[in-house]
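Just so you know, the sequence shown maps onto residues 2 to 358 in this note's numbering.
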Amino acid sequence: MEIGVNMEKKWDSMSKEEKTAERLKKWQLAENVKFRSDEAEKLYKASTQRLIDSIMMEKTPDRVPVLVRGTFLVASLYGLTPYEAMYDYERISEVHIKFHQEYKPDYALTPTSIGSGRVLEALEYKQYRWPGKGVSKNVGYQYVEGEYMREDEYKDLIDDPSNFWIRRLIPRMFGALEGLKDIPPFTDLWEIVIVSPHFIPFSNPSVEQGLRKLIEAGKLALQWIQKMRWCAQEIVSMGYPSTVGGTTKAPFDILGDTLRGTRKIMIDLYRRPELVIKAMERLTPLAIEQGVRGVNATGIPFVFIPLHKGADGFMSDEQFRKFYWPSLLETVHGLVSEGCIPYLFVEGAYNTRLDYL
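Printed below as a string of structure tokens:
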């Protein structure tokens with residue numbers, strides 16, 4: 002496959018193959034990267050070509066590309082605790098750069114996926130316990146299973162996911178944002194006579210506190226991402242291409258992990274299967290859009306998709322075929338139609354699912 006297309010052709014009129022070629026070309030050209038040396042640039046070009054050849058399967062790569070993944074892996078190798086990895090941006094960046102200097106992986110492994118403990122603290126995040134907040138500073142974070150969406154709220158989710166997230170889910174996920182439950186739907190703003198009374202709830206002290214906490218979290222997140230971006234740029238300049246441009250999830254996992262919880266979603270498969278399917282149909286275009294948005298923002302064509310509850314043992318093959326696979330497949334097709342390359346990361350055995358893949 003020739004990596005390159007006629008850019009005079011409008012994006013919407015391109016085929017999915019042309020879109021993919023254009024995204025891969027930009028990723029490989031790396032026009033905004035200032036490489037440390039000619040050798041680093043050659044290394045980058047060779048690594049990107051190797052992965053392109055492996056994905057497109059039109060040319061045999063010079064060897065098998067190896068993509069290393071591990072949230073706290075590098076921190077552990079260099080003696081940092083998970084707590085330090087989440088709170089000391091300088092040190093976690095330094096050891097990731099050192100990791101590439103010493104181990105020379107094929108592709109970049111950055112600390113961005115670790116996240117910021119300070120941001121989580123400011124928001125009083127409830128869905129996870131992280132180092133120093135609920136678990137030891139010496140262990141990684143742990144998910145807190147819960148029913149974050151009640152069974153009688155399926156209709157609210159299906160009718161308006163954004164409204165449900167803002168006024169129902171987020172106040173439950175973040176203690177500091179509990180006041181956002183009193184914010185009225187912005188879709189109510191349709192005429193001048195509505196504007197003044199619409200904003201009365203924003204005088205509520207709990208709403209004001211929530212908005213202030215959002216601003217605080219935003220400033221903390223900016224401090225964090227500035228250091229993470231610097232680290233990533235340094236690693237790429239050494240010749241190691243980034244391979245995660247966007248992130249999304251299987252719609253069933255959004256519903257089962259984040260909203261209903263493992264136990265409740267499995268009960269729903271028997272008691273309210275139609276609502277489960279409708280909810281996933283509603284979430285699928287949002288999952289596609291999230292992945293595409295990340296790729297557009299970064300210029301990296303790969304969308305990372307961790308797969309959870311479709312693994313062997315969570316559900317029968319019949320349930321997988323009915324509930325998990327259709328929306329995941331539609332998500333993959335939606336990403337591919339925009340020239341993105343899905344990067345499916347199986348977190349568990351998939352031996353009984355191989356026929357689908």
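Don't be surprised by glycine CBs; every beta carbon is placed ideally from N, CA and C. Just so you know, these numbers come straight off a predicted model, no measurement behind them.
Going straight from the alpha carbon of residue i to that of residue j, what length do you get?
i: H101; j: K43; result: 16 Å
i: E122; j: P112; result: 19 Å
i: R92; j: H334; result: 40 Å
i: I4; j: I301; result: Because the pLDDT at I4 is just 47, under 50, the model does not fix this residue reliably, and the point stays unresolved.
i: M75; j: S55; result: Reading the sequence as shown, one finds Val at residue 75 and not Met. Between V75 and S55, the C-alpha separation is close to 26 Å.
i: I1; j: I195; result: Residue numbering for the chain in the displayed model covers 2 to 358; residue 1 lies beyond these limits and cannot be assessed.
i: G349; j: D313; result: 7 Å
i: F203; j: D160; result: 24 Å
i: D13; j: P242; result: 28 Å
i: A288; j: R294; result: 10 Å
i: E59; j: Y344; result: 19 Å
i: R272; j: V67; result: 43 Å
i: L355; j: I216; result: 46 Å
i: T332; j: Y325; result: 11 Å
i: L336; j: Y79; result: 37 Å
i: I226; j: E319; result: 43 Å
i: S94; j: K105; result: 16 Å
i: D254; j: P162; result: 15 Å
i: Q29; j: P206; result: 51 Å
i: L308; j: T249; result: 10 Å
i: L181; j: W166; result: 10 Å
i: Y351; j: F200; result: 50 Å
i: L329; j: L256; result: 12 Å
i: R51; j: I268; result: 45 Å
i: D63; j: T49; result: 12 Å
i: V296; j: K279; result: 27 Å
i: T21; j: P83; result: 37 Å
i: Y45; j: L212; result: 43 Å
So, under 8 Å CB-CB, residue i and residue j are touching, yes? Tell me the CB distance rounded to an integer number of Å.
i: V120; j: A218; result: 5 Å
i: W131; j: G147; result: That belief does not hold up - the Cβ atoms of W131 and G147 are roughly 16 Å apart, past 8 Å.
i: G292; j: E23; result: Actually they are not in contact, since the Cβ atoms of G292 and E23 sit about 17 Å apart, beyond 8 Å.
i: E125; j: F175; result: 6 Å
i: K127; j: V145; result: 7 Å
i: I184; j: L178; result: With a Cβ gap of about 10 Å, I184 and L178 do not count as contacting.
i: M150; j: L221; result: So it is not a contact: roughly 27 Å between Cβ atoms.
Within 10 angstroms of its Cβ, does residue i collect 16 or more other Cβ (buried), or is it exposed?
i: S197; result: exposed
i: L284; result: buried
i: S38; result: exposed
i: K10; result: exposed
i: L190; result: exposed
i: R169; result: buried
i: G71; result: exposed
i: E152; result: exposed
i: T188; result: exposed
i: D258; result: buried
i: P252; result: buried
i: F346; result: exposed
i: E85; result: buried
i: V65; result: exposed
In this structure, how does DSSP classify residue i when only helix, strand and coil are distinguished?
i: L355; result: coil
i: R130; result: strand
i: F36; result: coil
i: Y79; result: coil
i: T249; result: coil
i: F346; result: strand
i: S14; result: helix
i: P242; result: coil
i: I68; result: Before going further, note that residue 68 is Leu rather than Ile in the sequence given. Looking at L68 - three-state DSSP - the assignment turns out to be coil, as it is neither helix nor strand.
i: M2; result: In this prediction, M2 has a pLDDT of 42, which is less than 50 and means its spatial position is unreliable; what the coordinates show is noted afterwards. Looking at M2 - three-state DSSP - the assignment turns out to be coil, as it is neither helix nor strand.
i: M8; result: Note that M8 scores 48 on pLDDT, short of 50, meaning its location in the model is unreliable and no value can be drawn from it.
i: P307; result: strand
i: M57; result: helix
i: P327; result: helix
Fill in: Contained beta strand (DSSP E) runs [length at least 3] in the segment 252-305, N- to C-terminal order
none
Practice prompt. Jot down the residue ranges of each uninterrupted beta strand (DSSP E) in the segment 91-148, minimum 3 residues, whole runs only, in chain order.
Written response: 129-132
Worksheet item: Whole alpha helix (DSSP H) runs in the segment 140-228 with 4 or more residues, listed along the chain?
Response: 155-160, 162-165, 171-174, 193-199
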